[in-house]
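Report on the structure given below.
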Amino acid sequence: MNTRTRANVLPITENDAFIANALESASIPTLMMAMIHITGDSSLLRGKVRPAKATMGDTHGQIDSQDQAEIRKQALEILTAYRDGDGHLPPMPSRETILAMMRFFVGEEVPDSYVPMMLEEMDLECEDTRGFKRNSEGSSPQERGFHVLVIGAGMSGLLTAIRLEQAGIRYTVVEKNSGIGGTWFENTYPGARVDIANHFYCYSFEPNSDWSEYFAQKDELRAYFENCAKKYGVLNNISFQTEVESAKWNERNSRWSVCLRTREGNEEDREFDAIVSAVGQLNRPNIPPIEGKELFTGPSFHSAEWEHHIDLRGKRVAVIGTGASALQLVPEVAKKTSQLYVFQRSPAWMFPNPDYHAKVSDGKKWLLAHVPFYARWYRFLLFWPGSDGLMPSLIIDPDWPHPERSVNALNEATRVSFTDYMESQLDKNQELLDKVVPDYPPFGKRMLQDNGSWLNTLCQENVDLVDSAAERITPEGVIGADGVERRVDVIIFATGFHAGKFLSPMKIIGRQGTDLRELWGDEPRAYLGITVPDFPNFFCLYGPATNLAHAGSIIFNSECQVRYIMSCLRSLEEGGHSAMDCRKAVHEAFAARLDEAFGRTVWAHPGVESWYKNSRGRVTTTSPWLLVDYWNWTRECNREDYEFIE
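FYI, in our numbering the residues of the sequence shown are -11 to 634.
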């Protein structure tokens, strides 16, 4: 039987021994929340067993083994009674009780202002309240022939298609690749996986209890999004191997004239009422202009354009870069090569995470799929300590006496903790330790994760960490700052993407012939990261200043942005308007707030050079906002922020 209950879980049919065994895999705080829902008894909140403050990577709340055993014993009694009963659950706890549960669960004060956001994110009622419900009054966009172009079929483009499909709005998705998945379609290098825990890195309305790993690899991620596309019926609206060459706003009919290049290589001109750009920030590989790279006689390629036909076994290989992709691929490449040189422009801070490569046990999968509300609270446990809770450690204290190495006392404690971890992994290898410990504040650049694989790989005899950027490439090798040529057979560029070149290489022309690429230069700005004056009915997803550098999941941000865009479309529908354009004063005020917020964060630290910044050192890609603030700002379109066009 596969019927789900009101809590959107499968019924429990297994025997007591099976359930008891599954409970050995349980997150105890999460299990306690599920027990309250199943029984309607909140007395656990007043008991002697209390989780400590939630931290990233700890799902047991530092509860000792004896208390864990007692909770499992109680849970077994509750779950067997639920199994043998009529399947009905008590009414949902009151809002006050839910708030008390949240505070108990994470071991600290959860502000009341967070409750609406977390209730929506956890979706305890399984109602998908972020979904777009059409207004029954007036003519629908479908009836008026309103047609939306979505550019990209990665995570955010697919999400947009799902919401447009649900709303009955006509849409077309164009995708430059031959399949769905965006970054998970393109990045096929060995070891590619997500850096956000998977039970959080998935749509809130489409949780997955069957992830095989806590941080899934590329193939499983791609399969998840492909399954979502099939389930929600959007595949027939996607044109693969199709790119947008240009889009121009037509003042005469208030529509976008779009030039598409089809899979056959032909140009096709079409008109659309609105455009949603879901091209992402990290999809155009960046290979830096290293002197002599065209002279190299062996194979060379970017990590996002992996050449699978090249056999690395027994080869001498250079990996240029030590960012997120390198930390994942280097341990895998090192298993095959006779010699591996890793060229490091600057080291990265990494968060120690023993679950980074860990498999999800069958017991954990069963709990997520069968125990009412367990998966919903588990999502909260992953969300809370890794999101807004980190922000205080990222704000610059102007009186802090050690600004060269940290930005405040909390940031310094993080530095000490991370350094201690590296020391423990390197077993007093001072030479290597000096190379891998960064000299800038933690979180100044993208934070990475390690379960020991990266640092252990650097200790291998066939691996050499070159503590400098690659300065020159010769026909047979790579030269670093020390002037030594390392002869190699293959070069792999793990050098990131053109993150600051939003919407490149498309040409977008708005009102009065305004060219968006020229307007932005290398300092792109958009109101809420979504809309730009003089570009009516043009919406960005994962736009300027919306990358999440203080943890969180980009899927959360995308769900906020798509809901906002759907609210904009509702405003057009209800007002009978053809278009809406962001007011310049609103855009400029937001930009001023953005600059002020950035100035207080570690990302603007003068000692940090990262892809978050433009050529003048100004942060343009990542977000300085608390998630709860951004969630509130994007819940609904404020119509006063826009000029409407009839």
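Here a beta-carbon is modelled for each residue, glycine too, at the ideal position from N, C-alpha and C. Computed from a predicted model, the values in this text were never measured in an experiment.
Discussion item. Using the Cβ count rule (16 or more neighbours within 10 Å means buried), how would you classify E131?
Written reply: Because E131 sits at a pLDDT of 49, beneath the cut-off of 50, its placement in the model cannot be relied upon, and the following sentence gives the value as read from the coordinates. That one is exposed.
Worksheet item: Applying the criterion that 16 or more other CB atoms from any shown protein chain within 10 Å of the CB defines a buried residue, is D422 buried or exposed?
Response: Here D422 is exposed: its Cβ has fewer than 16 other Cβ atoms, across all protein chains shown, within 10 Å.
Worksheet item: For A336 and chain B, any beta-carbon pair shorter than 7 Å?
Response: Here there is only one protein chain, and chain B is not present.
Worksheet entry | Cutoff 7 Å; reference Y220; Cβ partners in own chain excluding five residues on either side | The residues are I150, E153.
Worksheet item: Taking the DSSP output, what are the residues bridged to I528?
Response: The residue asked about is misnamed: residue 528 is Cys in this sequence, not Ile. DSSP, once it has assigned bridges, lists S265 as partnering C528.
Worksheet item: Touch check for the stretch 328 to 340 and the stretch 450 to 470: three-plus C-beta pairs under 8 Å?
Response: Flag = yes, the stretch 328 to 340 and the stretch 450 to 470 touch.
Worksheet item: Which whole runs of the alpha helix (DSSP H) in the stretch 533 to 592 are 4 residues long or more, in chain order?
Response: Taken in chain order, the whole alpha helix (DSSP H) runs of length 4 or more contained in the stretch 533 to 592 are 542 to 563, 572 to 587.
Item to complete: Return helix, strand or coil for N238, following the three-state DSSP convention.
Response: Strand, per DSSP.
Worksheet item: C556: which of N535, W337, K601, E628 sits nearest, CA to CA?
Response: Considering only alpha carbons, the answer is E628.
Worksheet entry | Inside the stretch 176 to 244 only - beta strand (DSSP E) runs reaching at least 3 residues | Contiguous beta strand (DSSP E) elements confined to the stretch 176 to 244 occur at 226 to 228, 231 to 238, taking only those with 3 or more residues.
Worksheet item: For A235, which of N545, N626, R505, S603 has the nearest alpha-carbon?
Response: For A235, the closest of N545, N626, R505, S603 by C-alpha to C-alpha distance is R505.
Discussion item. So, with DSSP's three-state summary, where would you put L428?
Written reply: Per the sequence shown, residue 428 should be read as Tyr rather than Leu. DSSP, reduced to helix, strand and coil, places Y428 outside both helices and strands of the structure shown, so it counts as coil.
Fill in: S313: first and last residue of the uninterrupted alpha helix (DSSP H) it sits in
312 to 322 is the extent of the alpha helix (DSSP H) around S313.
Worksheet entry | Whether I139 touches V232 by CB criterion (7 Å) | Cβ distance < 7 Å, so I139 and V232 count as in contact.
Practice prompt. Please classify R118: is it buried, with 16 or more other beta-carbons within 10 angstroms of its beta-carbon, or exposed?
Written response: Answer is buried; the Cβ neighbour count reaches 16.
Discussion item. What does the alpha-carbon distance come out to for the pair A42 and E97?
Written reply: Using only the alpha carbons, I get a separation of about 11 Å.
Worksheet item: What do you reckon, are the CB atoms on V476 and G465 nearer than 7 Å?
Response: Yes. Within cutoff.
Fill in: I496: first and last residue of the uninterrupted beta strand (DSSP E) it sits in
Taken as a continuous stretch (DSSP letters only), the beta strand (DSSP E) holding I496 covers 495 to 497.
Worksheet item: Can you name the start and end residues of the alpha helix (DSSP H) that M338 belongs to?
Response: Unbroken run through M338 is the beta strand (DSSP E), 338 to 340; no alpha helix (DSSP H).
Item to complete: For F134, count neighbouring C-beta atoms within 10 Å of its own C-beta (all shown protein chains included) and say buried if the count is 16 or more, exposed if not.
Response: The residue is buried, with at least 16 neighbouring Cβ atoms inside 10 Å.
Item to complete: Tell me whether F578 is buried or exposed, calling it buried when 16 or more other Cβ atoms sit within 10 Å of its Cβ.
Response: Buried, since its Cβ has 16 or more Cβ neighbours within 10 Å.
Worksheet item: For the 8 Å Cβ check, are there 3 or more pairs between the stretch 430 to 446 and the stretch 253 to 269?
Response: Flag = no, the stretch 430 to 446 and the stretch 253 to 269 do not touch.
Worksheet entry | Selected residue, minimal CA-CA separation from S541, among R460, W372, H593 | Taking only the C-alpha atoms, the option nearest S541 is W372.
Worksheet entry | Nonlocal neighbours in the same chain, by C-beta distance under 6 Å from E174, ignoring five residues either side | Counting only Cβ-Cβ distances below 6 Å, and skipping sequence neighbours, we find A292.
Worksheet item: Are A642 and W354 closer than 7 Å when you measure CB to CB?
Response: Residue 642 lies beyond the stretch modelled for the chain, which goes from -11 to 634, so this question has no answer here.
Fill in: Spatial distance of A397 from D100 (CA atoms)
Near 27 Å, if we compare the C-alpha coordinates of D100 and A397.
Practice prompt. Just mark T402 as buried or exposed, buried being the case when its beta carbon has 16 or more other beta carbons within 10 Å.
Written response: Per the 10 Å Cβ criterion, buried.
Fill in: Classification of R251 by the beta-carbon crowding that lies within 10 angstroms, buried from 16 upward
Under this definition R251 is an exposed residue.
Worksheet item: Under the DSSP definition of a beta bridge, which residues are partnered with R460?
Response: Answer by DSSP bridge pairing, in chain order: E279, I467.
Discussion item. Below 8 Å, how does it come out for the stretch 273 to 286 and the stretch 160 to 167: are there three or more Cβ pairs, yes or no?
Written reply: Not touching, per the Cβ criterion.
Worksheet item: In its own chain, which residues sit with a C-beta less than 6 Å from the C-beta of K303, not counting the 5 before and 5 after it?
Response: So the qualifying residues of the chain are T325, D477, V478.
Fill in: Coarse secondary structure for Y648, derived from DSSP in three states
As shown, the chain starts at -11 and ends at 634. That puts residue 648 outside it, with no answer to give.
Worksheet item: Cα separation between A357 and V(-3)?
Response: If you take the alpha carbons of A357 and V(-3), they lie about 5 Å apart.
Discussion item. Quick check: the Cα distance between K36 and I26, rounded to an integer number of angstroms?
Written reply: Pairing K36 with I26, the inter-Cα distance amounts to about 20 Å.
Worksheet item: Alpha carbon to alpha carbon, what distance is there between M105 and R83?
Response: In this structure, the alpha-carbon of R83 lies about 13 Å from that of M105.
Fill in: Nearest neighbour of E634, chosen from S197, R240, E411 [CA to CA]
With distances taken between Cα atoms, E634 lies closest to R240.
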